[in-house]
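Right, one structure below, let's go through it.
Residue numbers (the numbering used here): 1 to 595.
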């Protein structure tokens, strides 16, 4: 089993990073944070180890061995690039140095080190990668301590352990659809297409090679057993019966079908993308026993309800096959499932880290609130608490009207937690629960008018509107009439007379609903005490669109559409004050990307 990965100068990782691994292990984090890069580093190390043991004696002694073993960029199937330089961090492959007082250049080496345990023995094996040209680079075992800056001819190198040469790593990218026809491929061609991300062209071939390993020197009895296990897995997950893939020698094609729940026989291309993705995962797993399987988004194309079941089956199958699963995922379901029992590595901040090193507080936070909250807390550095999504939409709209650029920026993509209640305790429990896991987290909670005492600390501030709710700040007679008249863009669609009809319909609706509120002894819609979203705006738009003989297209979730009809002078000064409070808290945030 692989237990640790160390990367230096590979792609996005410039400085040395160490990643603890387990079985299984799940990589989590935002897009473009290095999850796939780490998977590719493992696969590149395996390629280097395999090539070194094929071409060289483990010990580096002779001049030819010091020169290293060349690898062509086209042999790196799992990470194809147009130039070998792309593998180096920042595309930097050489740097200036001084030797004996004279300026010279020196290659910047890329280092990948893997640690593992085989048959109760631990081992460490690293390789350095030396850029040669756009097509090739050389590999050598890692240098011994103290020889980092020595010329190749003078350096001393570590000895790769034999156990490292027996490690097998297989990289599987997400499913990319399914070709309608698959030509028969040998194992090398299958690996190449998978490495190039062309999984759509190999699914039938993968199943065929699993069932017929005689073409690859495998045991037919074991193959039959694994095929039956694959069939049971697909039956459990999708209720379908896989039929044996067949080779049509006349056309040189591999065909495959299945029976659905109704017993209808269908070609594999008739299946959904989720079923194809799952079949690819398990067929690949069964075809590569005793291997470290690198899975990039194995939950792609799967609905939420099936993600947990698939993940657990995947992990259990890997254990039975003595395989190690190392997966990168965005699924909240998978993250929460793995956080409770497996190794999870968070790719947030300057370096990836195992979340279990944060102790019981983190486990409690993940169990209660979900791992995605931890990732967002570390990534953003601050949390916003609102009653619902309409509040965020209205805040954004009000910030835009006021041209409050700092608030607009803060509200563009915040870590927002919707409370679905107006109780401060709900926000406090979430904030302090997540803060146990993310100590630098700061938060701002904004409530509708509330009589309960509010908290105000350096790290967490609560505020409440003085009016009944946030919709009160949108609701004026002038705004509603401007809405009825429409924008300048609407003038191309409606004549002036039609605009007048809409305005008169709005005026009548306002009068009617206003009078109804008086009869019911409810507050005026223009007062701070009226719950305008339910008591005024809802019946108002119902009456307005009924008068126009049009369907009501303004629901409660659409009230933020009134904001563009506000003038900055119409906006209560309290709104800017609340936005200033929000910005003040957000400015204290220390996202993980900033250390």
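We treat Cβ as the ideally placed atom computed from N, Cα and C, and that holds for glycine.
* Check whether the Cβ atoms of residue 510 and residue 474 lie closer than 8 Å to each other. => no
* To do: Can you tell me which of the three DSSP states residue 486 falls into?
  => coil
* Spatial neighbours of residue 288 within its chain, please: CB distance less than 6 Å, with the 5 preceding and 5 following residues excluded, ordered by chain position. => 170
* With DSSP run on the structure shown, which of helix, strand or coil describes residue 430? -> Per DSSP, reduced to three states, the secondary structure at residue 430 is helical.
* By Cβ distance below 7 Å, which residues in the same chain neighbour residue 576 in space, the five residues on each side in sequence not counted? -> 402 and 404
* Asked: Relative to the C-alpha of residue 444, which residue among 433, 436, 452 and 459 is closest?
  -> 459
* To the nearest angstrom, how far is it from the Cα of residue 262 to the Cα of residue 39? -> 40 Å
* **Residue of 251, 222 and 279 minimising C-alpha distance to residue 243** => 279
* Going along the chain, which residues of its own chain have a beta-carbon closer than 6 Å to the beta-carbon of residue 298, five neighbours each way excluded? -> 281 and 327
* **Own chain, CB closer than 7 Å to residue 548, minus 5 neighbours either side, in chain order** => 502 and 505
* To do: Along the alpha helix (DSSP H) that carries residue 410, what are the first and last residues, could you check?
  => 405 to 410
* **Chain-order list of residues whose beta-carbon lies under 6 Å from that of residue 118 (same chain, five-residue window excluded)** => 163
* Asked: Taking contact to mean at least 3 C-beta pairs separated by less than 8 Å, is the region 369 to 389 in contact with the region 408 to 418?
  -> yes
* Please specify which runs of the alpha helix (DSSP H), each continuous and at least 4 residues long, are wholly inside the region 12 to 95, giving them in chain order. => 35 to 55 and 63 to 67
* **For residue 292 and residue 2, the rounded distance between their alpha carbons** => Rounded to whole angstroms, residue 2 to residue 292 spans 8 Å at the Cα level.
* Take residue 127 as the anchor and find which of 234, 448 and 7 has the nearest alpha-carbon. => 7
* Asked: Under a Cβ-count criterion, where at least 16 other Cβ atoms within 10 Å of its own Cβ denotes burial, should residue 277 be classed as buried or exposed?
  -> buried
* Less than 8 Å separating the beta-carbons of residue 139 and residue 69? -> yes
* 8 Å Cβ cutoff met for residue 168 and residue 22 -> no
* To do: Report yes or no: do the region 98 to 108 and the region 24 to 41 share at least 3 C-beta pairs separated by less than 8 Å?
  => The answer is no - the region 24 to 41 does not touch the region 98 to 108, with fewer than three Cβ pairs under 8 Å.
* Counting only the same chain and skipping the five closest in sequence on each side, list residues whose C-beta sits under 6 Å from that of residue 16. => Cβ within range, chain order: 8.
* **Separation of residue 589 from residue 557, as counted between CA atoms** => 29 Å
* **residue 347 in three-state terms, based on DSSP** => coil
* residue 470 beta carbon less than 8 Å from that of residue 448 -> yes
* Asked: Residue range of the alpha helix (DSSP H) that residue 234 falls in?
  -> 220 to 238
* Leaving aside the five residues before and after residue 253 along the sequence, list all residues of the same chain whose C-beta is less than 7 Å from its C-beta, in chain order. => 181, 182, 183 and 184
* Asked: Hey, out of 153, 136 and 160, whose CA is closest to residue 142's CA?
  -> 160
* Asked: For residue 402, does the three-state DSSP call read helix, strand or coil?
  -> coil
* **Proximity winner among 212, 345, 456 and 82, relative to residue 446 (alpha-carbon distances)** => For the residues 212, 345, 456 and 82, the minimum Cα distance to residue 446 belongs to 456.
* Which value, in whole angstroms, describes the spacing of the CA atoms of residue 275 and residue 238? -> If you take the alpha carbons of residue 275 and residue 238, they lie about 7 Å apart.
* Asked: Name the DSSP beta bridge partners of residue 307, please?
  -> DSSP, once it has assigned bridges, lists no residue as partnering residue 307.
* Would you kindly work out how many angstroms separate the C-alpha atoms of residue 221 and residue 323, rounded to a whole number? => 20 Å
* Straight-line CA distance for residue 341 to residue 309? -> 15 Å
* Cα-Cα separation between residue 499 and residue 482, rounded to whole angstroms -> 10 Å
* Asked: Is residue 415 near residue 452, with beta carbons less than 8 Å apart?
  -> no
* If you follow the beta strand (DSSP E) that residue 460 is part of, which residue opens it and which one closes it? -> 460 to 464
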